[in-house]
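Under our numbering, the first residue of the sequence shown carries the number 44, and numbering increases by one thereafter.
The C-beta atom is built at its ideal place from N, Cα and C for all residues, glycine as well.
Read the structure below first, then the notes.
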Amino acid sequence: MIVLQIVFWCIVLLVFHTYIGFPLILQILSRKKQNISFEKKDFQFVTIIMPLYNEESVIAEKLDSILQTDYPQDKLYVLIGSDNSTDRTNEIVREYAEKYPFITLYVFDKRQGKINIINRLVKKASTDIVVFSDANVMFDKNTIKELVSPFVLPEIGLVDSNMQNIGLKSDGISIPEKTYISREVKIKQAESILWGTMMGPFGGCFAMRKSLYKSVPQNFLVDDFYICMQVLQQGKKAINNINALAFEDVSNNLADEFHRKIRIATGNFQNLHVFKHFLLSSQKGLAFCFFSHKVLRWITPILLVVYYLINIILAFYSGFYALLFALFNLLFVLILLDFILKRHHHHFLFLRCITHFFSMNLALLIGMCRAIKGVKSSIWQPTARHQAK
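Given below as C-alpha cells:
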C-alpha cells in the first residue's frame, strides 16, 4: 500500500507540475526579465509561404492583410501552394497574382498534404528569411516587421507570433480554447526570455532562417513543432515576439476541435519519438522545458488512468482516498451536466473548461494509440472557417 501511495502522489505532483508548477516557476524566474526588444534595421527580403486547400472563404481577406502591412512590397515574395483545391481558391489567388507580381501561385493537381506543400515551397524560396502562415491567420500592419526584426541577432533561428483569438462565443469551446492559447503564449514568452527554448510556435504564423530548415517527414502531422525542434537541435534559439500580432478565428465546435486535437496529439507523439534525446540535452533550459511543458503534458492521460486505477484500490482502505475518488468521479458528472445544459442553451465557463480539459486528454490518448499504430499520410481536412459567425 505504501508503494501505491507513493506512485499516487508522484502522479499528482507530475500533473500539478506541468499545468501549474512549471508555469509558476517560469513566471518567477522571468519576473525581473524584460520583454525582448530588437533594433529595427533595414528591411530584409522575406518570403511568405502559404499552403492552401479550399480556402475561398478566407484567402482574399488574408492576402489583403498582407498587402496592408507596413512591410515594403518590393521586399516581399508570397509563394502559395494550392493542394488540389476544388473551390474558387485558385481563381481568387490568380486575380491577386495578376495585380501583384510578388504573389506566385503553384497549383498541385493531386493532394499532397500541407507538409509536402511546405517542403516544396521552401525549396523555391530565394530569401534568407521565410514566414510560414495559414490562410485563416490575419496579419496586423506590423506583423511581418516584428517577425523579421529579431533576426538581427545571429543566434535567433525561429520567431513565433503572438496569436490573438477572435470571434469568441459562449455556446461552444472558443472561450476555454482562447484561455488555453493565451496561457500558452505566456509560457512560450517566458521560455523565450529565459533560454530561447520556446517549445514550438503556433503553426499559423512564424518565421525562421531558411538555412536551418529541415524537410519535415511526409507522414508527420505536426510540422511546426518538428521545424522548431530542428532549429534548437542546430544550437539556435527559438523565441516568441509578443509584438508580432496575428489574428485567428478560434475553433468553437467541440467535435471539430476534438478531431483536430487527435491529429495534433498523433503528431506530438511522432515528434516525441524523434526528439526524445532532448530529455538529456545539456543545452540550457532545453531538457527542462521539453519535459515540463510538452512530454509531461502529452503523457498526462496515461498518468490520469494510472491515478484512477490506484485510487480505486486505495479507496477500499482509506476514507481519505475514498473521498478523493468520489471527487474525481464528480468531474465526470459535471461533464455530463455541461452537455445537458448546453442542449438547453445554458453555458457555464467553469463546466466548459472541465469538458475542454478532459476532451484534450482523451484526444491525447487516442493520438498516442494512432502514433503507435503508425501514420501513413499527412493529408487531413482543415477545420471549418468562421465557426463563430
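Residue i versus residue j - alpha carbon distance
i    : j    : result
P115 : F88  : 9 Å
I49  : I353 : 10 Å
L69  : L394 : 28 Å
F375 : Y96  : 38 Å
D292 : N311 : 23 Å
F331 : S125 : 39 Å
L366 : V55  : 15 Å
A414 : S421 : 12 Å
F263 : G362 : 47 Å
L405 : G417 : 18 Å
K279 : H316 : 21 Å
R151 : N127 : Looking at the sequence shown, residue 151 is not Arg but Phe. C-alpha separation (whole angstroms): 5 Å.
H388 : F400 : 21 Å
P193 : K221 : 26 Å
K118 : S73  : 35 Å
M403 : R306 : 11 Å
I236 : L408 : 32 Å
K433 : I109 : In the structure as shown, the chain starts at 44 and stops at 432, and residue 433 therefore has no counterpart that could be examined.
A431 : I345 : With a pLDDT of only 48 at A431, under the threshold of 50, the placement of this residue in the model should not be trusted; the figure read from the coordinates follows. Going by the C-alpha atoms only, they are around 33 Å apart.
F245 : V46  : 41 Å
Y143 : L106 : 10 Å
H320 : K327 : 14 Å
R154 : I71  : 47 Å
Y223 : M44  : 37 Å
N296 : Y360 : 42 Å
E198 : I230 : 21 Å
V228 : W238 : 15 Å
R303 : Y139 : 30 Å
K257 : Q273 : 7 Å
Residue range of the beta strand (DSSP E) that includes residue i
i    : result
S225 : From DSSP, S225 is part of no beta strand (DSSP E) but of the alpha helix (DSSP H) over 217 to 237.
P94  : 89 to 95
M44  : Per DSSP, M44 belongs to no beta strand (DSSP E) and is neither H nor E.
A140 : Counting along the chain, A140 falls outside any beta strand (DSSP E), though it belongs to the alpha helix (DSSP H) covering 132 to 142.
F151 : 146 to 151
Y256 : Note, Y256: premise wrong, no beta strand (DSSP E); not H, not E.
N451 : For the chain, the structure presents residues 44 to 432; residue 451 sits outside this window and is missing.
F182 : 180 to 182
F175 : 172 to 176
I422 : Neither: I422 is in no beta strand (DSSP E) and is coded neither H nor E.
I68  : I68 -> not in any beta strand (DSSP E); alpha helix (DSSP H) instead, spanning 65 to 72.
V121 : 119 to 126
Contacts around residue i, its chain only, beta-carbon distance under 7 Å, and the 5 residues preceding and following it disregarded
i    : result
L339 : L57, H60, T61
I457 : In the structure displayed, the chain extends from 44 to 432; residue 457 sits before or after that span and is not available.
S324 : A330
S176 : I91, M93, G247, C248
K419 : N262
Inter-residue CB distance, residue i and residue j (contact presumed, cutoff 8 Å)
i    : j    : result
A281 : C271 : 5 Å
S169 : L190 : Between L190 and S169 the Cβ distance is about 18 Å, and since that is not below 8 Å, they are no contact.
Y350 : A358 : At roughly 12 Å, the Cβ-Cβ gap does not stay under 8 Å, so Y350 and A358 are not in contact.
I102 : I135 : 5 Å
T309 : G410 : 4 Å
Q277 : G200 : 7 Å
N283 : Q232 : 5 Å
Contacting residues, own chain, Cβ-Cβ under 6 Å from residue i (five flanking each side not counted)
i    : result
R131 : E99
F290 : M181, Q207, I209
K337 : M242
T240 : E234, G328, L329, C332
R386 : none
For residue i, the first and last residue of its enclosing alpha helix (DSSP H)
i    : result
V165 : 157 to 167
M241 : Note, M241: premise wrong, no alpha helix (DSSP H); not H, not E.
I305 : 297 to 318
K280 : Segment 280 to 292 is the beta strand (DSSP E) holding K280; no alpha helix (DSSP H) there.
Y364 : 362 to 386
L106 : 102 to 110
G410 : 392 to 416
Y350 : 339 to 358
Y269 : 266 to 276
Selected residue, minimal CA-CA separation from residue i, among the options
i    : options                : result
E141 : L392, V121, S235, I307 : V121
D267 : G247, Q277, N284, S254 : G247
L379 : Y364, V195, I397       : I397
V195 : H336, V165, M251       : M251
N167 : S73, I123, I409        : It is Lys, not Asn, that sits at residue 167 in the sequence shown. With distances taken between Cα atoms, K167 lies closest to I123.
N1   : P260, K385, I91, M241  : The structure shown does not extend to residue 1, since the chain spans only 44 to 432, so no value can be given for it.
I92  : V165, I224, D183       : V165
V265 : L72, I158, K75, E134   : I158
C412 : A369, W341, P144, E300 : W341
I285 : C53, F318, D183        : D183
N185 : I63, F86, L297, P94    : F86
F371 : F382, I355, L384, Y360 : I355
Close beta carbons around residue i, own chain, < 8 Å, minus the five adjacent residues each side
i    : result
R137 : L148
Test: residue i CB closer than 8 Å to a CB of chain C
i   : result
K75 : In the structure shown, chain C does not exist; there is a single protein chain.
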